[in-house]
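What follows is a short report on a single structure.
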Amino acid sequence: NHVSSPSEEFKDQFTDVVSRLQSKQLFQSDWDIASFAVFFIFIGMVLLLVVLVLIRCCCCCCCDEQVM
């Protein structure tokens, strides 16, 4: 009944990726490539949203200062 915490799960995945990199077999199947692509697209979308929010906040702050 051992429930692994998210950090332990992440560590397991990380060591798995590292061992695959060392054996030069990162993409063993199409599923690996697909999950890798989905992961990078997700990270890219999150970063894009963060940048857009920051730009919007900066613009709003600048506009507010000009009005006053």
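The numbering of the sequence shown is the numbering used here, which starts it at 59 and goes up by one.
Even for Gly, the Cβ is constructed at its ideal location relative to N, Cα and C.
Here the structure is a predicted model, which is why all the values come from computation and not from measurement.
| Check | Outcome |
| --- | --- |
| Coarse secondary structure for S65, derived from DSSP in three states | helix |
| Three-state class that DSSP yields for S77 in the structure shown | helix |
| Rounded C-alpha distance that separates I113 from L106 | 11 Å |
| Under the three-state DSSP convention, the category S87 falls into | coil |
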